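Positions 1 to 417 (the working numbering) are the ones given, in order, by the sequence shown. From the three backbone atoms N, C-alpha and C, an ideal C-beta is built for every residue, glycine too. Only a predicted model underlies this, so the values are computations on that prediction, with no experimental measurement involved. Have a look at the structure below, then the notes.
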Amino acid sequence: MEKQKSDLQLLFSMPVIVAALGYFVDIYDLQLFGIVRIPSLQSLGLNKTEVDTIGTEIINIQMIGLLLGGILWGTLGDKKGRLSVLFGSIITYSLANIFCGFIPQMDFVNKVETYKWLRFLAGIGLAGELGAGITLVSEALPRHLRAKGTSLVAGVGLLGAVVATFTVKLSGTWTIAYFIGGAMGFLLLLLRVGVLESGMYKNITQNKAIQKGNFFSFFTDWDRFTKYLRCIGIGLPTWFCIGILVYLSNQFGEAFGFTEKVEPGLAIMWAYVGISAGDFLSGFLSHWLASRKKAIGFMMGMSLLGVLFYLFGGMQSAFTLYVTCVWLGFWTGYWAMFVTVGAEQFGTNLRATAATTVPNMVRGAVAGMTTLFGLFKTDNGVVWAAAIVGLIIYTLGFYSTFTIAETHNKDLDYLEV
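Printed below as a string of structure tokens:
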């Protein structure tokens, strides 16, 4: 009974709570453009074709920002500490979001180009939140609680997309939603003041001989390099489902011949309802199976069934599409487990770099996925273009999952040499 009480206290300790709230704000801001993409670009005077093309371009630009930001914050997380990233990244994306809210009043600049650059800067800032938070929680909790702790962080955090959708609906304007996101970020800074640095990281800070946060070290050793690529491959199906099937759901609604309009914002909201629930499941499933790989492999397989139904199940209404988005979200809810695996694969001196760059490499890969989707769409149509890209992505995902080393109950107090 005493052990159970102690475990509960650890699971709801300050590092876990603050990491969860930080990821909540992160997801709110990350998904906000996808939710307001159509109304915000229409308000800037773009027509339907321009909304589709420029909207996809801004998504890609934001994802490239995430990729570059992942490298920046990841290396800083190992060189300067996990908390330095949590402070620096949130200031960056909070300011970017507040400026996004002022875009309609920026008559002295090209508003669309400014929107692109602000989403790029937001992407850079957003890249640091999850990896640093997961690293801090993974190192702060005992090994038997790691999966549950990181799942708690992600399960709470992913509800940020749901709140973002309701914020847009209730506020009646997309600019207010950006202001609220920025304000939540600065409020979060106040909570972060009392969080302590990871003990494992503090143990190596005084040793100048230990090389910390060298991103290029992933590419100087073949085993480390292939392990890094597998970590990325595991997460690719999650953002295929979100970045193509959910973000661009309005294009699929038209391709399926729906008489009613599909709202990408609602598709995102329902997908993230599923993802939040799935992330809670993934930690307990991993604990029950005593395996990260089995839990992720099972959930990936179930998400593939959802993809097949989405593309070839003969959906006839927007309601069915939204329900399918919940299924896709639920079974791609191994996101926290995937980031945890990335953190557990590498030593303390490279852990933040891995845990921060790996998920952002996956997010950055959305630009490549949407580019392939656009190329295949010209000759094959929307549905078959998605099917071809999905085949590539899921092949990489399953291969990476079943060939990577198991890390359940792995001791994390070691260094990369």
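Contact annotation: I275 and L158 have beta-carbon atoms nearer than 7 Å. Distance from the CA of L304 to the CA of Y394, rounded to the nearest whole angstrom, comes to 8 Å. The stretch 262–278 and the stretch 24–36 touch, with no fewer than 3 CB-CB distances between them shorter than 8 Å. Taking a C-beta distance under 7 Å as the contact criterion, T49 and T370 do not qualify as a contact pair. Less than 7 Å divides the Cβ of L145 from the Cβ of L10.
Burial of L245 is indicated by the presence of at least 16 other C-beta atoms within 10 angstroms of its C-beta. When DSSP states are grouped into helix, strand and coil, V109 belongs to the coil group. Counting C-beta atoms within 10 angstroms of its own C-beta, T378 has fewer than 16 neighbours from the protein chains shown and is therefore classed as exposed. With fewer than 16 neighbouring CB atoms inside 10 Å of its own CB, P142 falls in the exposed class. If you draw a straight line from the Cα of A277 to the Cα of V156, it comes to about 9 Å.
By the criterion of a C-beta distance shorter than 8 Å, P359 is surrounded in its chain by G70, L130, G131, G235, W335, F338, V339, G342, once the five residues flanking it on both sides are discounted. T135 is positioned such that its CB atom lies no closer than 7 Å to that of A405.
By the Cβ rule, the stretch 257–266 does not count as touching the stretch 382–399, because fewer than three pairs are nearer than 8 Å. Counting of Cβ neighbours within 10 angstroms places P104 among the exposed residues, the total staying below 16. Boundaries of the alpha helix (DSSP H) around R224: 222–240. Exposure of Y399 is indicated by the presence of fewer than 16 other C-beta atoms within 10 angstroms of its C-beta. For G22, the closest alpha carbon among the candidates L190, I242, F216, T332 is that of L190.
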